[in-house]
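Going left to right, the sequence shown walks through residues 1 to 659 as full-length UniProt numbering numbers them.
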Amino acid sequence: MDERKLTLLMDFYELTMSYGYYRDNKHLDIAVFDVFFRSVPDNGGYAIMAGLEQVISYINNLSFNDSEIELLRNKKMFNEEFLKFLKDFKFSSDVYAIAEGTPIFPQEPILVVKGPIIECQLVETMILLTLNHQSLIATKASRIVNQAKGRSVMEFGARRAHGYDASIYGARAAYIAGVAGTSNTYVEYLYGVPALGTMAHSYIQSYPTEYEAFLSYAKTFPNNTTVLVDTYDTLHQGIPNAIKLHNEYLKPKGYYLKGIRIDSGDLTYLSKKARKMLDEAGLYDTQIVVSNSLDEYLIKELIHQGAQIDSFGVGERLVTARSEAVFGGVFKLSAVMENGVLTPKIKLSENVVKTTTPGFKQLYRFYDENNKAIADVVTLFDEVIDEGEPYELFHPEYPYKRKVVSNFKVRKLLEPIFLKGKLVYKQPKLEEIRNFNKEEMKTLWDEVLRLERPHQYYVDLSQKLWDLKQELINKYKEKNWWKMSRNNIEVVLYNPEIPQNTGNIMRTCVALGLKLHLIEPLGFKIDDTKLRRSALDYYEFINYEVHKSFDDFKEKNPGKYYYLTRYGNHNYTEINFKENNEKIYIFFGSESYGIDRKLLADNIDSCFRIPTTDKVRSLNLSNSVAIILYEAMRQNDFEGLIESEPDTLKGKDFLNKYQ
1 MDERKLTLLM DFYELTMSYG YYRDNKHLDI AVFDVFFRSV PDNGGYAIMA GLEQVISYIN
61 NLSFNDSEIE LLRNKKMFNE EFLKFLKDFK FSSDVYAIAE GTPIFPQEPI LVVKGPIIEC
121 QLVETMILLT LNHQSLIATK ASRIVNQAKG RSVMEFGARR AHGYDASIYG ARAAYIAGVA
181 GTSNTYVEYL YGVPALGTMA HSYIQSYPTE YEAFLSYAKT FPNNTTVLVD TYDTLHQGIP
241 NAIKLHNEYL KPKGYYLKGI RIDSGDLTYL SKKARKMLDE AGLYDTQIVV SNSLDEYLIK
301 ELIHQGAQID SFGVGERLVT ARSEAVFGGV FKLSAVMENG VLTPKIKLSE NVVKTTTPGF
361 KQLYRFYDEN NKAIADVVTL FDEVIDEGEP YELFHPEYPY KRKVVSNFKV RKLLEPIFLK
421 GKLVYKQPKL EEIRNFNKEE MKTLWDEVLR LERPHQYYVD LSQKLWDLKQ ELINKYKEKN
481 WWKMSRNNIE VVLYNPEIPQ NTGNIMRTCV ALGLKLHLIE PLGFKIDDTK LRRSALDYYE
541 FINYEVHKSF DDFKEKNPGK YYYLTRYGNH NYTEINFKEN NEKIYIFFGS ESYGIDRKLL
601 ADNIDSCFRI PTTDKVRSLN LSNSVAIILY EAMRQNDFEG LIESEPDTLK GKDFLNKYQ
């Protein structure tokens, strides 16, 4: 874009990590990093890939000159050997990416870097800032264009953008997503995006009268006369003067009033009145353009109200993506070469959505016979999907939810961009990217494009990749905070009915490291949103099992059974939870009926109750479970549980600042 050299546009820790790799002779170890995002801005149904051209340009020109090396030398943190390595640096990695203009979805790789780990780290910052910004603006523009329902949208945001770079690349991204042009003239110079615009209020104010300003502009641009009509009084001066301009100057000379623009007021009311006035004057083809802090929600409402608008000028709320200013793309390690083998790596997190998917991966998009996208499937890189064979899709969080598809087509989305440092990708022109996006949008169902509460597009894992991820989760699980603290105590819910209670109990079981058993019938589906909401993001860590009946459970789980019931003859504190000679199962009944009466009668000596006053029949199920389980933990001296807030959360010293 300009003559600035951007090599050092990187977070400083990329350099400190690189130096650490270099000193440990790990800098040339092969690694794989994925770029992906976790949620769609504005709770939308899709996002748009944008910014790849600028990533390619940065990597192609990546080198350290003398002045950059001198800056690093003056920090007195790096030895001369490392600085020489940087001076001789040449990018040699592989890069795979999704083409610009493609609809993209959370938790799928949109760009992959495979190569020496030092190279991967050095390009991280520029890759993220570029893709995050342009994909954010392209996504916002796409939402706005969709709500305009075929009406023209113009990008008018340069003066409100977060810097001139943002205005340029924001306009570029918006054009990819379908805007007709931009107010930013430099963007036409750079990329050929049509520069559009007519006049500001200052032009009209500078003349003695509004009409004289209109006349001056019409004489200057008779073939393209669009006038701003709301400087003084839209309905009583602006529009009448525009009609007068047409009748007294443009029409006699063989020209036609192209349009009027309204930049303030009630746009629905004013546009309806304007259309009526123009039509009565015979100006049926004169377009009405509106602006004034527009976004997709306001445009949708204007059209719903019957506003007579032909074109929208959208400024700050597009170029800044004001409603959600961060795209949230991340750059995460997924594999490292160890002893000649590319070994998958995973990052576990207390926040479920931040648990990464391991391995060197490819991404396939599935299309039905009508060329509608039905799902994306993330696979290991060498997996091949045969279009001639049925394929089983399944939800990666709820793997029992499966669907077999046939008569489908697939497309690999991750294309090679660089191989061994050499650019192998033919960069399309911006107009080609824009046209590609237009065709790609036709492959999405209307439900995915819906502005509010859109359908969640499926991003699945192949069975092979899902198995690998579960294997690594289980491998590292025992080293983390959710490990089992008392393996001899387990919880059993007998026919639970209310999902929120079970969700709360799941959370308690994770807190204590206990397994949960659910005996059918259940009053909800195991993936019920209310259950998951109550369990929070601990849902992924719950160790649970569902059983078809009590007999089915009993056959598989021998041990000591204790039943909590209002009919119990013993206080719950009489249970000996220190027994280690056999497994202990604590039973809790359904909210409305409890445990089967005959089962209780046959095991009356194993029935216990929680004391209450005579004013209530029973306690809430999740409260009862918590009371019993913490008594069990107390008897075992809270073995395996943390005694103070760990540093991984807020830390034990968190309250010191409030003293």
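Backbone N, C-alpha and C fix where the C-beta goes; we use that ideal spot for every residue, glycine too. As the structure is a computational prediction, the values presented were derived from the model and not from experiment.
**Asked** By Cβ distance, which residues of its chain are closer than 6 Å to Leu86, with the 5 residues on each side in sequence left out?
**Response** Excluding its 5 nearest sequence neighbours in each direction, Leu86 has C-beta neighbours in its own chain below 6 Å: Phe64, listed in chain order.
**Prompt:** From Ser216, Leu250, Ile262 and Lys219, pick the residue whose C-alpha is nearest to that of Gln237; which is it?
**Reply:** With distances taken between Cα atoms, Gln237 lies closest to Ile262.
**Asked** Which ranges would you report for the beta strand (DSSP E) in the segment 530-607 if only whole runs of at least 3 residues count?
**Response** Fully enclosed beta strand (DSSP E) runs of 3 or longer: 544-547, 560-564 and 584-588.
**Item:** Supposed contact pair Phe608 and Tyr572 - C-beta distance, whole angstroms, cut 8 Å
**Value:** Here Tyr572 really is in contact with Phe608; their C-beta atoms are around 5 Å apart, less than 8 Å.
**Message:** Using a 10 Å radius around the Cβ and a threshold of 16 neighbouring Cβ atoms, would you call Ser142 buried or exposed?
**Reply:** By the beta-carbon neighbour count (other beta carbons within 10 angstroms, threshold 16), Ser142 is buried.
**Prompt:** Can you list the alpha helix (DSSP H) stretches of 4 or more residues lying completely in the segment 289-326, in chain order?
**Reply:** If we require 4 residues or more, the alpha helix (DSSP H) runs fully inside the segment 289-326 come out as 296-304 and 316-319.
**Asked** To the nearest angstrom, how far is it from the Cα of Leu71 to the Cα of Leu8?
**Response** Rounded to the nearest whole angstrom, the C-alpha separation of Leu71 and Leu8 is 10 Å.
**Asked** Is the distance from the Cβ of Lys345 to the Cβ of Leu333 below 8 Å?
**Response** Contact annotation: Lys345 and Leu333 have beta-carbon atoms nearer than 8 Å.
**Prompt:** What's the C-alpha gap between Asn43 and Glu440?
**Reply:** Computed Cα separation, rounded: 20 Å.
**Prompt:** What did DSSP end up calling Gly238 once you bin it into helix, strand or coil?
**Reply:** Looking at Gly238 - three-state DSSP - the assignment turns out to be helix.
**Asked** Who are the near neighbours of Asp2 in its chain, counting only those whose CB is closer than 8 Å to its CB and skipping five residues on each side?
**Response** Annotation note: pLDDT 48 at Asp2 (below 50); position unreliable, coordinate value reported separately. If you ignore the 5 residues before and after Asp2, its C-beta comes within less than 8 Å of no other C-beta in its own chain.
**Request:** Name the residue from Gly503, Val404, Asn576 and Ala601 whose alpha carbon lies nearest to the alpha carbon of Gln635.
**Result:** Among Gly503, Val404, Asn576 and Ala601, the Cα nearest to that of Gln635 belongs to Asn576.
**Request:** Starting from Ala218, trace the alpha helix (DSSP H) both ways and give me its first and last residue.
**Result:** It spans Glu210 to Thr220 - the alpha helix (DSSP H) in which Ala218 sits, taken as one unbroken run.
**Message:** Excluding the 5 residues flanking Val546 on each side, which residues of the same chain have their C-beta closer than 6 Å to its C-beta?
**Reply:** The answer, listed in chain order, is Leu518.
**Asked** Measuring CA to CA, which of Ala632, Asp528, Pro558 and Gly51 is closest to Leu514?
**Response** For Leu514, the closest alpha carbon among the candidates Ala632, Asp528, Pro558 and Gly51 is that of Ala632.
**Item:** Pick from Lys26, Asn557 and Ala31 that is closest to Met337, judged by C-alpha positions
**Value:** Of Lys26, Asn557 and Ala31, the residue nearest in Cα terms is Ala31.
**Message:** Three Cβ pairs or more, each shorter than 8 Å: is that satisfied between the segment 49-61 and the segment 131-142?
**Reply:** With three or more CB-CB distances shorter than 8 Å, the segment 49-61 counts as touching the segment 131-142.
**Prompt:** Going along the chain, which unbroken runs of the beta strand (DSSP E) with 3 or more residues stay wholly within the segment 356-391?
**Reply:** Whole beta strand (DSSP E) segments, 3+ residues: 361-367 and 373-380.
**Asked** Going by beta carbon distance, what residues of the same chain come within less than 8 Å of residue 664, once the five residues before and after it are set aside?
**Response** Because residue 664 is not part of the residues shown, which for the chain are 1 to 659, the question remains open.
**Request:** For Val32, name the three-state secondary structure that DSSP assigns.
**Result:** Strand, per DSSP.
**Prompt:** Shortest alpha-carbon distance to Gly594 belongs to which of Glu574, Lys583 and Asn620?
**Reply:** With distances taken between Cα atoms, Gly594 lies closest to Asn620.
**Item:** 6 Å Cβ shell around Tyr539 - same chain, five flanking residues per side excluded
**Value:** Cβ-Cβ distances below 6 Å link Tyr539 to Arg532 in the same chain, with the five nearest sequence neighbours on each side left out; the list follows chain order.
**Asked** What residue ranges within the segment 110-154 form continuous alpha helix (DSSP H) runs of no fewer than 4 residues, ordered along the chain?
**Response** Segments of the alpha helix (DSSP H) lying fully in the segment 110-154: 117-148.
**Message:** Counting beta carbon pairs with one atom in the segment 460-470 and one in the segment 384-397, are three or more of them shorter than 8 Å?
**Reply:** Yes, the segment 384-397 is in contact with the segment 460-470.
**Other residues of its chain near Arg172: CB distance less than 6 Å, five sequence neighbours each side excluded** = Tyr191, listed in sequence order.
**Message:** Judging by CA-CA distance, which residue of Phe37, Val123 and Pro103 is the nearest neighbour of Leu62?
**Reply:** Nearest option by C-alpha distance: Val123.
**Prompt:** Starting from Asp527 and walking both ways along the alpha helix (DSSP H), at which residues does that stretch end?
**Reply:** Premise fails: Asp527 is in no alpha helix (DSSP H) and is neither H nor E.
**Asked** What is the rounded straight-line gap between the Cα of Asp537 and the Cα of Asn569?
**Response** Distance between Asp537 and Asn569, taken at the CA atoms: about 38 Å.
**Message:** Please state whether the Cβ-Cβ distance between Met277 and Ile243 is less than 8 Å.
**Reply:** Yes, these two residues count as a Cβ contact at 8 Å.
**Item:** Any 3 or more C-beta pairs closer than 8 Å across the segment 82-99 and the segment 401-419
**Value:** The segment 82-99 vs the segment 401-419: in contact.
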